[in-house]
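Colleague:
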Amino acid sequence: MRQCFKLLLALLLMGAAPVTAKPVRILALGTSLTQGYGLPPGTEFTVQLQAALKAGGVDAVVENAGVSGDTSAGGLSRLDWSLASHPDAAIIELGSNDMLRGTPPAETEKNLRAILTRLQKEHVAVLLTGMRAQRNLGPDYVRQFDAIYPKLAKDYKVTFYPFMLDGVALNPKLNQADGMHPNPAGVKVLVARILPFVKKTLAGVKP
Numbered sequence: 002m003r004q005c006f007k008l009l010l011a012l013l014l015m016g017a018a019p020v021t022a023k024p025v026r027i028l029a030l031g032t033s034l035t036q037g038y039g040l041p042p043g044t045e046f047t048v049q050l051q052a053a054l055k056a057g058g059v060d061a062v063v064e065n066a067g068v069s070g071d072t073s074a075g076g077l078s079r080l081d082w083s084l085a086s087h088p089d090a091a092i093i094e095l096g097s098n099d100m101l102r103g104t105p106p107a108e109t110e111k112n113l114r115a116i117l118t119r120l121q122k123e124h125v126a127v128l129l130t131g132m133r134a135q136r137n138l139g140p141d142y143v144r145q146f147d148a149i150y151p152k153l154a155k156d157y158k159v160t161f162y163p164f165m166l167d168g169v170a171l172n173p174k175l176n177q178a179d180g181m182h183p184n185p186a187g188v189k190v191l192v193a194r195i196l197p198f199v200k201k202t203l204a205g206v207k208p
């Protein structure tokens, strides 16, 4: 009787469908830098990041939730819609347009805090990318704005990438004609530099 049971169990196991792990879903919530302003299709930040992750053995889907010209307030207002796909992790790239518009840093910080609070409530792992104020805005504004991101990263204990445009800003060879938006080669540099931080963020994602 026992042998028959073992045989039946073996047959059932052999016929069982293999369990396939779902790819990790990453929400990229940001501005034109995330959206891919001025870039040929297939060279956007999210596309290149997804390819780099897969090349490194990480099965991931990177969702492009970037909107050109968006502010921290705009990102907050569309957060519910952005979370409809139930992401496992999120890259937050917001605040640069606030700075360009001269939005008070306290307002930007308030919006980003609301976004981070909601993401943590939904158990979404977060990578917060920093931005730096243009130096012609005055020392007080620069000091207050630049301090937003490290402060939030510390308060919320999230992975922090200090400067989204690291290695690309002010380099004509890596930017489009406007001098503000990366070209495909610039995006490649962005992805290479941020990739270790993305992987660190994903290490905290529960299967």
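Position one of the sequence shown corresponds to residue 2 (the numbering used here), numbered consecutively onward. The beta carbon of each residue, even a glycine, is placed where N, CA and C say it ideally should be. Predicted model, so just to flag it, every value in this text is computed and none were measured.
Where does Leu28 sit, in a helix, a strand or coil, going by DSSP?
Modeller: DSSP places Leu28 in strand when its eight states are reduced to three.
Colleague: Can you find the residues in the same chain that come closer than 7 Å, C-beta to C-beta, to Ala134, ignoring five residues on each side of it along the sequence?
Modeller: Same-chain partners within the cutoff: Met100, Tyr142, Val143, Phe146 and Asp147.
Colleague: Given a cut-off of 7 Å, decide if Thr32 and Asn137 are closer than it, judged by their beta-carbon atoms.
Modeller: Cβ distance not < 7 Å, so Asn137 and Thr32 don't count as in contact.
Colleague: To the nearest angstrom, how far is the alpha carbon of Leu84 from that of Glu123?
Modeller: If you take the alpha carbons of Leu84 and Glu123, they lie about 9 Å apart.
Colleague: On the DSSP bridge list, what partners appear for Asn112?
Modeller: Asn112 is not bridged to any residue.
Colleague: Sort Lys155, Glu108, Gly39 and Thr104 by Cα distance to Leu129 and report the nearest one.
Modeller: The shortest Cα separation from Leu129 among Lys155, Glu108, Gly39 and Thr104 belongs to Lys155.
Colleague: Should Leu12 go down as buried or exposed, given a rule of 16 or more other Cβ atoms within 10 Å for buried?
Modeller: Its pLDDT being 45, under 50, Leu12 is placed unreliably by the model, and nothing is read from it.
Colleague: Comparing C-alpha positions only, which one of Arg102, Arg79 and Pro163 sits nearest to Ile116?
Modeller: Closest by alpha carbon: Arg79.
Colleague: Looking at the unbroken beta strand (DSSP E) that takes in Val63, where does it start and where does it end?
Modeller: Element bounds for Val63: Ala61 to Gly67.
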